[in-house]
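Using UniProt numbering, the first residue of the sequence shown is number 1, and each one after it goes up by one.
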Amino acid sequence: MQGITLALSKGRIFEETLPLLAAAGIVPTDDPESSRKLIIGTNRPDVRLVIVRASDTPTYVQYGAADLGIAGKDVLLEHGGAGLYQPIDLNIARCRLSVAVPKGFDYEQAVRRGARLQVATKYVHTAREHFAAKGVHVDLIKLYGSMELAPLVGLADAIVDLVSSGGTLRANNLVEVEHIMDISSRLVINQAALKVKHDLLKPILEAIEGAVKK
Ligand code: PRP
């Protein structure tokens with residue numbers, strides 16, 4: 001397509017991106033929550049949004065199916081970043097990536113005595129790096145959601161997952177025992193598009209960057 005395609009996921013990322021798009025004069029013509037459309041137009045005929053699964057955003061941008069994408073640092077780290085231009089931190093959808101265990105499980109002691117821990121997570125690459133750097137022995141179990149359930153039913157000793165309000169952990173009797181990193185969403189750009197569509201992209205990128213809250 002001649003114009004610009006921006007890939008993003010519905011929910012928190014979509015909602016928190018709206019003011020940044022507005023700063024660039026871009027207003028979507030549909031709400032993905034209600035319309036179920038996967039391609040959403042905007043007030044600008046040369047800008048459209050595509051609604052993708054959060055973990056797929058970097059893939060659409062990597063292959064050039066989207067020129068731009070908005071994805072969490074968690075997703076980008078797992079993806080590896082091939083074919084993506086250096087991300088701009090949009091400072092939205094902020095949360096943290098943490099290790100959590102059931103209340104009463106002595107994580108520190110287990111680590112000290114060199115126990116091998118079963119850890120359930122969506123973020124296997126990031127978790128592997130974290131535990132390797134700390135010298136903690138882990139078996140990682142890949143899950144795609146509802147990580148908090150795993151320790152409750154004996155699938156894992158611990159989880160590595162995103163924590164925002166902490167409500168999901170509390171509701172499931174889990175506690176955070178380690179903060180791995182702060183997470184926010186970033187704008188990624190297809191490397192080829194940055195060259196070929198430079199004139200179209202430049203004012204949009206500048207307006208978005210200018211609207212980012214520090
Ligand atoms: C995320 C995350 C936690 C929850 C944390 O899940 O995986 O489960 O939000 O938020 P809180 O600290 O405010 O409770 P999400 O709802 O995105 O679903 P998912 O299980 O598909 O990742």
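Each residue gets a CB set at the ideal place from its N, CA and C atoms; glycine is no exception.
message: Tell me which residues share the same chain as PRO151 and place their Cβ nearer than 6 Å to its Cβ, disregarding the 5 neighbours each side in the sequence.
response: PRO102
- request: Give, in chain order, every unbroken run of the alpha helix (DSSP H) that is at least 4 residues long and sits entirely within the segment 58-98.
  value: 73-79
message: Please report the straight-line C-alpha distance between ARG96 and GLY135, rounded to a whole angstrom.
response: 22 Å
field: Member of ILE13, LEU90, HIS130 and LEU169 whose CA lies at the smallest distance from the CA of MET147
entry: LEU169
task: Please indicate yes or no: does the CB of GLU33 lie closer than 7 Å to some heavy atom of the ligand PRP?
output: no
task: Just list the beta strand (DSSP E) runs in the segment 103-174, keeping only unbroken ones of 3 residues or longer that don't cross its boundaries, in chain order.
output: 117-121, 138-142 and 158-163
- prompt: If you draw a straight line from the alpha carbon of VAL119 to that of GLY25, how long is it in whole angstroms?
  reply: 44 Å
- request: Use the C-beta contact count for ALA22: other C-beta atoms within 10 angstroms, 16 or more gives buried, fewer gives exposed.
  value: exposed
message: Can you give me the C-alpha to C-alpha distance between SER185 and ALA71, rounded to a whole angstrom?
response: 5 Å
- request: Throw me the rounded Cβ distance for the PRO32 and VAL188 pair, which I believe falls under 8 Å.
  value: Not quite, the Cβ-Cβ distance comes to about 19 Å (not below 8 Å), so this is no contact.
message: Within 10 Å of its beta-carbon, does HIS198 have 16 or more other beta-carbons around it, so buried, or fewer, so exposed?
response: exposed
message: Is LEU162 close to the ligand PRP? I mean its beta-carbon at under 7 Å from any heavy atom of the ligand.
response: yes
- prompt: So does THR168 have its beta carbon nearer than 7 Å to some heavy atom of the ligand ADP?
  reply: Judged by which ligands are present, the ligand ADP is missing from the structure shown, whose ligands are the ligand PRP.
message: DSSP three-state label for LEU8, please.
response: strand
field: Nearest candidate by alpha-carbon position, reference residue 216, set GLY11, VAL47, THR121 and HIS137
entry: No answer is possible for residue 216: the residues shown for the chain start at 1 and end at 214.
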